[in-house]
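Residues 15 to 102 in my numbering are what the sequence shown spells out, letter by letter.
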Amino acid sequence: MFPCQRCGMCCRNLQLSLLYHELDRGDGTCKYLNGNLCSRYDDRPLFCRIDDCYTLFFKDVMLIEQYYKLNLEMCKKLQRKENHKEDY
């Protein structure tokens, strides 16, 4: 299972992918984000479920460890971006 840190940064940067356009409340943040958690977590869209996306779309392309590593790298990048904004 993907080791999510529940920081909410992926849900605060939807403008980075057209895939999430319908979830964007207009400022890049998911309309279902409540604090750092999804208000409809058990019923969230497929593309918000990292493990299910791996199984359906990426299992024949890369190992799950590679997939997790790529997702964690993006997570850390979004966290650094947010931390950097606070320095200003």
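Note that CB positions come from ideal geometry on N, CA and C, so glycine has one too. As the structure is a computational prediction, the values presented were derived from the model and not from experiment.
Considering Cα atoms alone, identify which of the options is closest to residue i.
i: L92; options: G22, Y81, G40; result: G22
i: E36; options: C62, L51, D56, G49; result: C62
i: R20; options: L32, L33, N50; result: N50
Let me know if residue i comes out buried or exposed under the rule of 16 or more other beta-carbons within 10 Å of its beta-carbon.
i: C18; result: exposed
i: N97; result: exposed
i: Y81; result: buried
Who are the Cβ neighbours of residue i in its own chain at under 6 Å, not counting the five residues just before and after it?
i: C25; result: C44, L47
Tell me which same chain residues have a C-beta within less than 8 Å of the C-beta of residue i, skipping the five on either side of it?
i: D66; result: L60
i: N85; result: F16, I64
So, for residue i: in the same chain, excluding its five sequence neighbours on each side, which residues have a beta-carbon less than 7 Å away from its beta-carbon?
i: I78; result: Y68
i: G42; result: R26, N27, L28, Q29
Assign residue i to one of three DSSP states: helix, strand, or coil.
i: D74; result: coil
i: Y102; result: The predicted position of Y102 is uncertain, since its pLDDT is 41 and thus under 50; no value can be drawn from it.
i: N48; result: strand
i: D38; result: strand
i: N85; result: helix
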